[in-house]
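Remarks on the structure that follows.
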RNA sequence: GCCCAGAUGGCGGAAUUGGUAGACGCACUGGACUCAAAAUCCAGCGGUAGCAAUACUGUGCAGGUUCGAUUCCUGUUCUGGGCACCA
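Here you go:
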């Protein structure tokens, strides 16, 4: 009986489905384990071999945990809302719901072939009303809450109203006084009001003020606008000034937008990283994204010169300029101030003398796109004509305007300390501003030195103090004299939460008289209406604005962004069919945190931060019992494509009649392509190749006699990797590729007229357009799902990125065939028997149990696969076909290769699923040896080996070793200085 | 520019706590079986010298600590990833 993997795999996939083998219950006396994959966006391209890597790893772990006696939640779903489906709809006129549905079907059939143990009864789809009802519901909770900085948690907005009615907002100032809502009466008050003032406000003002506090709020703000996509994008969706999806240019634009006040959670998102098991790289990425820095805000008085000829007296106190700095210790090194071009003070402080120049500069800055600004960082700027007064030295400090200061960070203004800051230094040098040195020898006059280790000079009351310590001293002084305060800043911005798009969750919000009102819960889900056109609505609004019934109800016309549904989907798996709640508290208490979350690094700052914030929020308002969603996160590496190239030759030739032709049907092997730049007419190489080409031409034109007069080798041209065996082109298949475009192709092989045609290789991203995708379906068809699963794991550590290479899959397939042969032989039939196992055989088994258990626990799946191979080889060598050994081995292997194991399990006479067995117990006693071969070294050089009893002590070992004639020879009569004995490992004698 | 991770045979990669480097697989070479092929099995496989036993050498490069270093320390080069005017 041979290993017929196709039959076996189809049979068991059906059996598991029929028997609901992977059904998971929320009621179980077993301990729980929650193993989660990042659910996919169902794109039209389908799966390539890179996608299942993480799914296979988590599947193995889930099955392993189940064998270990855990009740394992492992489910799959689709992050189905998003831009690509809508772009596709615009281009092809197919409704996103239809294309998404088709893509999901395709994904599902691809996934099913690999044999995952998902509980498909718990499948979720973020674009289904049953799901997004709860996305909308959670949004309403965010809308109905604010962040109380005193208690450090989210609270209901009603409690805030109570506070306002009693004490105004003295104890709870506006989170960041940016006035997103633009309410004039509120701004007039500077954002502060008393209880009486609050009670006197009209409804509109009250609601506008509350909006400044809500965790989900609508306001005006500068957003990343992508014209090509017709929508705003969150910061993490913009890479180098272009959109992450599609690479379209992105500009800054002020628009009315919904936001999530994630900045209120910045500190807790940071602290939370200490209690989760993420990779250091991942923690660092999130930490950098949050970008917490502490320092001080310092106020400088701005003076204006008396206008008119020759006047140099500072007379009028114009305004105050607040800067943010992390280095208040360098306050005496300030030589100038710089404010962002968009700073509100620009207009106010600029003097008439400099006005036209400043205006020219502002015009220039405006003309520069975000992208240009990032790409070329030249020093630009203009003097405003205004000065401010140093709060301590009372010196006049010029105020400059430059684009290197960003309006969005800190106060949009800085105090420039050129001796300590590289950018300030460049600026000072460029505009010839004199530089004050406050760090003595640490500054060499050529380069700024951002050290904190210098002892301050030229710094008045800070003189002689180490910079590190001076930071505190300076802040205290600044606070003492009332010119500033300690301040913590974050790079992270509030998350833009609306898209001017169709294919997303509608906001359950109704607008009345400019006030946003939540829809009643009973009206949820607010279903996405059908549209005929996906064109944007008027004035930057989404397609929903084109629907009369929608706008008649004054419903919000924006939709939620792609990350809305994915921020909480892991909770829905726990209780997917609940129509009364997003997730029953009992269910979320039982399943609790995700024990293992596997996915790519690309979500480091998007999805992972948002879902962490939503979890903290739901925790704050008492809906779940934990505030970090993922206990352990494993990032699978990316599988890159390995592209193959062929090299076309354009050759000119002439026949004996003097007729010349040009032929481009000949391809040369890599060896010749590598030399293409060195080959010149008349060279030895050139002559050799032109002769070969003439020979090949005679194949294409058999009746003519052409001689090559000139040729050139083109750059490599991508060829489908599936037409290549390793690097060797499969010529017959290549000739049929692209409907026979290459049917006349002739090849100059590696050895010239004979040998193989070898392709060039390059590693790049896997994509259809590069012809380097490998479809898992093809591999499953050829080798079976079990081989495919094990091979993906065998490639290397899950976390590592590597190019795909199909070559080695044969080795894994051979292993499974060999494993099968321990049970059944093609010719001899049944091999397994009921005989009692020997110690040697049990040793093989228990070595495998130990290794595989350890490796699976620590996600070292590649070494675990090796361990299976070793065990199988050893048992084959021992001719061991004993059920006593094979049965536990089968259970060990079941998480990795479930189909073959299930089949053999049943062939061994069992009727239940192998998944319900328990993981074999490792027994130390089978591995215990009474004695062991020890390597004996003299001064670290291996000299001999001696068998020593394992329980021998230090002295006994010394005696045995010194008695050995080989060692005696090496010692040459000298007594050893030291004998180092590492139990179980080695003995080293130091002379 | 800054931060992080890595560099081991022809290739993918092992070596879990400082203890016999190169497990396992691919590729390659030779052999057995076969009319032949496939499949399977056996042997070899870092480098240098040697018929061989064996010796020396060897984990990007240069040093250091140690009886002993792929592993720890210092410097350096290269590769991959992240951030990038964040004051």
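In my numbering, the protein residues as written are 531 to 1521.
Think of the CB as a built atom: it goes at the ideal place given N, C-alpha and C, for glycine as much as any other residue.
Q | Cβ-based neighbour list, residue 1068, same chain, cut-off 7 Å, excluding 5 preceding and 5 following | A | Here residue 1068 refers to the residue found at position 538 of the first chain. Closer than 7 Å at the Cβ level, and outside the excluded window around residue 1068, lie 1075.
Q. Around the C-beta of residue 1101, are 16 or more other C-beta atoms found within 10 angstroms, so that it is buried, or is it exposed?
A. Translated into the one-based positions of the first chain, residue 1101 becomes position 571. Answer is buried; the Cβ neighbour count reaches 16.
Q) Expressed to the nearest angstrom, what Euclidean distance is found between the alpha-carbon atoms of residue 1222 and residue 1282? A) In the first chain, counting from the first residue as 1, residue 1222 sits at position 692. In the first chain, counting from the first residue as 1, residue 1282 sits at position 752. Straight-line Cα distance between these residues: approximately 7 Å.
Q | Span separating the alpha-carbon of residue 1051 from that of residue 667 | A | In the first chain, counting from the first residue as 1, residue 1051 sits at position 521. In the first chain, counting from the first residue as 1, residue 667 sits at position 137. So the alpha carbons of these two residues sit roughly 7 Å apart.
Q. If we count the other Cβ atoms within 10 Å of its Cβ and call it buried at 16 or more, is residue 712 buried or exposed?
A. Numbered from its first residue, the first chain carries residue 712 at position 182. Residue 712 should be labelled exposed.
Q: Quickly, what does DSSP pair residue 787 with across the bridge? List them, please.
A: Position 257 of the first chain holds residue 787. Beta-bridge pairing links residue 787 to 749.
(Q) Less than 8 Å between C-beta atoms, sequence neighbours within five positions excluded: which residues of the same chain meet that for residue 1385? (A) Taking the first chain and counting its residues from 1, the one referred to as residue 1385 is at position 855. In its chain, beyond the 5 residues on either side, 1391, 1393, 1394, 1397 have a beta carbon closer than 8 Å to the beta carbon of residue 1385.
Q. Going along the chain, which residues of its own chain have a beta-carbon closer than 8 Å to the beta-carbon of residue 1308, five neighbours each way excluded?
A. Stepping through the first chain from its first residue, residue 1308 is reached at position 778. Taken in chain order, the residues that qualify are 1252.
Q: Under the assumption that residue 796 contacts residue 1020 (Cβ atoms under 8 Å), give the Cβ distance between them as a whole number of angstroms.
A: Reading the first chain from its first residue, position 266 is the one you call residue 796. Reading the first chain from its first residue, position 490 is the one you call residue 1020. The Cβ separation is near 5 Å, so the contact holds.
Q) Whose CA, out of 1297, 1475, 552, 1404, lies closest to the CA of residue 1557? A) Absent from the structure is residue 1557, since the part of the chain shown begins at 531 and ends at 1521.
Q: Could you tell me the distance, in whole angstroms, from the CA atom of residue 1323 to the CA atom of residue 1310?
A: As a position in the first chain, residue 1323 is number 793, starting the count at 1. As a position in the first chain, residue 1310 is number 780, starting the count at 1. Rounded to the nearest angstrom, the gap between the Cα atoms of residue 1323 and residue 1310 is 15 Å.
(Q) Suppose contacts are defined by Cβ-Cβ distances below 7 Å. Is residue 1300 in contact with residue 1129 by that definition? (A) Within the first chain, the letter at position 770 stands for residue 1300. Within the first chain, the letter at position 599 stands for residue 1129. Taking 7 Å as the Cβ cut-off, residue 1300 and residue 1129 do not qualify as a contacting pair.
Q: Kindly identify the DSSP beta-bridge partner or partners of residue 1292.
A: Sequence index remark: in the first chain, residue 1292 carries index 762 (1-based). Residue pairing by DSSP puts residue 1292 in a beta bridge opposite 1173.
Q) Hey, how far is the Cα of residue 1529 from the Cα of residue 940? A) Given a span of 531 to 1521 for the chain in the structure shown, any question on residue 1529 remains unanswerable.
(Q) Given this structure, state the Cα-to-Cα distance separating residue 1173 from residue 1328, to the nearest angstrom. (A) The residue given as residue 1173 occupies position 643 in the first chain. The residue given as residue 1328 occupies position 798 in the first chain. Roughly 22 Å separates the two Cα atoms.
Q | Contact set for residue 656: own chain, Cβ-Cβ below 6 Å, skip 5 residues either direction | A | Mapped onto the first chain, residue 656 falls at position 126. Answer for residue 656: 609, 610, 611, 1095, listed in chain order.
Q. What distance in whole Å lies between the Cβ atoms of residue 1027 and residue 1091, which are believed to be in contact at a cut-off of 8 Å?
A. Here residue 1091 corresponds to residue number 561 of the first chain, with the count starting at 1. Here residue 1027 corresponds to residue number 497 of the first chain, with the count starting at 1. That pair is a contact at about 6 Å.
Q | Buried or exposed by the 16-neighbour rule on C-beta atoms within 10 Å, applied to residue 954 | A | Here residue 954 refers to the residue found at position 424 of the first chain. By the 16-neighbour rule on beta-carbons within 10 angstroms, residue 954 is buried.
(Q) For residue 1384, list the residues DSSP reports as bridge partners. (A) Mapped onto the first chain, residue 1384 falls at position 854. According to DSSP, residue 1384 bridges with nothing at all.
Q. Which residues mark the beginning and the end of the beta strand (DSSP E) in which residue 866 is found?
A. Here residue 866 refers to the residue found at position 336 when the first chain is read from its first residue. Note, residue 866: beta strand (DSSP E), 866–869.
Q: Take residue 1190 and list the residues in its own chain whose beta-carbon comes closer than 6 Å to its own, dropping the five residues that flank it on each side.
A: The count along the first chain starts at 1 and reaches residue 1190 at position 660. Same-chain partners within the cutoff: 1184.
Q: Taking all protein chains shown into account, decide if residue 840 is buried (16 or more other Cβ within 10 angstroms of its Cβ) or exposed.
A: For this step, residue 840 is matched to residue 310 along the first chain. Its pLDDT being 42, under 50, residue 840 is placed unreliably by the model, and the measurement read from it follows with that caveat. So residue 840 counts as exposed.
(Q) Here's the rule I'm using: 16 or more other beta-carbon atoms within 10 Å means buried, otherwise exposed. How should residue 1166 be labelled? (A) By 1-based counting over the first chain, the position of residue 1166 is 636. Residue 1166 is buried by the Cβ-count criterion.
(Q) Please identify the residue among 1468, 1460, 566 whose C-alpha is closest to the C-alpha of residue 1478. (A) By 1-based counting over the first chain, the position of residue 1478 is 948. That would be 1460, whose Cα lies nearest to the Cα of residue 1478.
Q.
Tell me the rounded alpha-carbon separation between residue 1453 and residue 1346.
A. In the first chain, counting from the first residue as 1, residue 1453 sits at position 923. In the first chain, counting from the first residue as 1, residue 1346 sits at position 816. Cα-Cα distance, rounded: 26 Å.
Q) Are the stretch 1398–1417 and the stretch 564–582 in contact at 8 Å, needing three or more beta carbon pairs? A) Counting C-beta pairs with one atom in each stretch, the stretch 1398–1417 and the stretch 564–582 have fewer than three that are closer than 8 Å, which means they do not touch.
Q) Which stretch, first to last residue, makes up the beta strand (DSSP E) that contains residue 1518? A) To locate residue 1518, count along the first chain from 1; it is residue 988. That run of the beta strand (DSSP E) goes 1516–1520.
Q: Determine the burial state of residue 665: buried for a count of at least 16 other Cβ atoms within 10 Å of its Cβ, exposed for fewer.
A: Mapped onto the first chain, residue 665 falls at position 135. Of the other Cβ atoms in all chains shown, 16 or more fall within 10 Å of the Cβ of residue 665; this residue is therefore buried.
Q: Return the CA-CA distance between residue 642 and residue 543, expressed in angstroms with no decimal places.
A: Locating residue 642 in the first chain gives position 112, where the first residue counts as 1. Locating residue 543 in the first chain gives position 13, where the first residue counts as 1. A straight-line Cα-Cα distance of about 8 Å links residue 642 and residue 543.
(Q) I'd like to know if the stretch 862–879 and the stretch 974–993 are in contact, where contact means that at least 3 CB-CB pairs between them fall below 8 Å. (A) Contact between the stretch 862–879 and the stretch 974–993 is present, with at least three C-beta pairs closer than 8 Å.
Q: Go through the stretch 885–929 residue by residue and report every complete run of the beta strand (DSSP E) that reaches 3 residues or more, in order.
A: Secondary structure in the stretch 885–929: the beta strand (DSSP E) runs of 3 residues or longer, each lying completely within the stretch, are 912–919 in chain order.
Q) When burial is assigned at 16 or more other CB atoms within 10 Å of the CB, is residue 1232 buried or exposed? A) Walking along the first chain from the start, residue 1232 turns up at place 702. Flag for residue 1232 reads exposed.
Q. Of all the options 1279, 1105, 1289, 1239, which has the alpha carbon lying nearest to the alpha carbon of residue 1175?
A. Position 645 of the first chain, counted from the start, is the residue given in the question as residue 1175. Residue 1289 holds the alpha-carbon nearest to the alpha-carbon of residue 1175 among 1279, 1105, 1289, 1239.
(Q) Can you tell me where the beta strand (DSSP E) holding residue 686 begins and where it ends? (A) Within the first chain, numbered from 1, the residue matching residue 686 stands at position 156. For residue 686, the enclosing beta strand (DSSP E) covers residues 683–686.
Q | residue 1058 versus residue 660 - alpha carbon distance | A | One-based indexing of the first chain puts residue 1058 at position 528. One-based indexing of the first chain puts residue 660 at position 130. CA-to-CA, the gap between residue 1058 and residue 660 works out to about 12 Å.
Q: Identify whether residue 1351 lies in helix, strand or coil by the three-state DSSP scheme.
A: As a working mapping, residue 1351 is identified with position 821 in the first chain. DSSP places residue 1351 in the helix class (H, G or I) of the three-state scheme.
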